[in-house]
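Visitor:
Numbering (the working numbering), first residue to last: 1 to 288.
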């Protein structure tokens with residue numbers, strides 16, 4: 001996407017935006033000319049300098065133009081959502097109130113509604129979300145997340161699927177999600193795994209000069225801003241008042257598959273955290 005006459009970047013961070021440590025340093029400059037930093041204190045990686053609000057507003061206005069799916073889209077992705085709920089429903093009570101944070105085209109919200117959940121969606125672009133709301137017949141909020149008046153809403157489930165890697169202020173937004181979560185509610189959060197085996201191999205080859213094309217492409221820095229490992233995201237959630245109750249590699253393999261398939265596609269990668277993405281289920285920390 002080409003945007004002119006706007007400031008593309010904010011001033012660079014001098015300290016880690018997650019833990020405020022000054023122990024940050026350049027990890028690499030990717031093929032898009034974006035600089036990726038890492039924090040020695042909390043292991044979070046992030047773009048630095050980061051995109052400006054104005055740039056991101058233009059980017060997502062164009063991004064969502066093609067996001068509204070065909071009528072059969074939900075059916076094509078139903079299996080993915082079925083797998084999610086196999087894990088979610090280990091912890092949640094019978095269907096209650098759910099927030100689909102970063103609902104995009106609404107396929108998860110539509111599936112959750114079908115399962116009996118009272119769903120509210122949220123995403124940034126108002127025009128696109130109006131279309132999603134009209135198509136699904138559910139309430140969908142839009143605009144800056146921090147400015148929305150949620151009144152006294154408390155959600156039994158908050159679903160954030162590949163969202164927080166896009167957020168400029170993940171600590172602030174996770175703290176707000178914590179406030180919106182019911183005391184016995186659960187947060188389902190999935191992100192790309194920057195510590196995946198494939199990423200580590202590519203990074204090492206680049207450092208050795210054996211991989212020179214599309215340096216750092218795996219960061220997806222066109223629209224991803226923060227980059228997490230299971231360790232760094234768990235630590236961030238802890239700072240925001242969450243307790244992780246379950247974590248594993250993102251996979252479509254379940255107990256219905258053969259033992260061999262489960263081992264090679266789920267159990268072994270999970271032990272090594274080698275897949276390209278992972279998910280976490282968390283709840284609020286209990287008061288002492």
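Even glycine gets a Cβ: it sits at the ideal position worked out from N, Cα and C.
(1) Rounded to whole angstroms, what's the CA-CA distance from residue 172 to residue 244? Just pull it up for me.
(2) For residue 92, does the three-state DSSP call read helix, strand or coil?
(3) Mind checking whether residue 43 and residue 231 have CB atoms under 7 Å apart?
(4) Closest to residue 186 by C-alpha separation, out of 134, 225, 97, 115, would be which residue?
(5) Residue 25 lies in the beta strand (DSSP E); which residues open and close that run?
(6) Between which two residues does the alpha helix (DSSP H) carrying residue 126 extend?
(7) Which residues bound the beta strand (DSSP E) around residue 187?
(8) In angstroms with no decimal places, state the Cα-to-Cα distance between residue 133 and residue 19.
(9) Taking C-beta to C-beta, are residue 226 and residue 165 nearer than 7 Å?
(10) Would you mind sorting residue 38 into buried or exposed? The rule is 16 or more other CB atoms within 10 Å of its CB.
(11) Under a Cβ-count criterion, where at least 16 other Cβ atoms within 10 Å of its own Cβ denotes burial, should residue 34 be classed as buried or exposed?
(12) Just grab the DSSP bridge partners of residue 158 for me.
Guide: In terms of the structure at hand:
(1) The residue given as residue 172 occupies position 172 in the chain shown. The residue given as residue 244 occupies position 244 in the chain shown. Their backbone Cα atoms lie some 18 Å apart in a straight line.
(2) Within the chain shown, residue 92 is the residue found at index 92, counting from 1. Coil at residue 92, not helix or strand.
(3) Here the question's residue 43 lines up with position 43 in the chain shown. Here the question's residue 231 lines up with position 231 in the chain shown. Using a Cβ distance threshold of 7 Å, residue 43 and residue 231 count as a contacting pair.
(4) Residue numbering aside, residue 186 sits at position 186 when the chain shown is read from its first letter. By alpha-carbon distance to residue 186, the top candidate from 134, 225, 97, 115 is 97.
(5) Stepping through the chain shown from its first residue, residue 25 is reached at position 25. In the DSSP assignment, residue 25 falls within the beta strand (DSSP E) that extends over 24-29.
(6) Position 126 of the chain shown, counted from the first residue, corresponds to residue 126. Note, residue 126: alpha helix (DSSP H), 126-136.
(7) Translated into the one-based positions of the chain shown, residue 187 becomes position 187. Residues 181-192.
(8) If you number the chain shown from 1, residue 133 lands on position 133. If you number the chain shown from 1, residue 19 lands on position 19. Rounded to whole angstroms, residue 133 to residue 19 spans 37 Å at the Cα level.
(9) Position 226 of the chain shown holds residue 226. Position 165 of the chain shown holds residue 165. Against a cut-off of 7 Å, the Cβ pair of residue 165 and residue 226 comes out as a contact.
(10) Within the chain shown, the letter at position 38 stands for residue 38. Result: buried.
(11) Position 34 of the chain shown, counted from the start, is the residue given in the question as residue 34. It counts as buried.
(12) Numbered from its first residue, the chain shown carries residue 158 at position 158. In the DSSP secondary-structure assignment, residue 158 is bridged to 99, 187.
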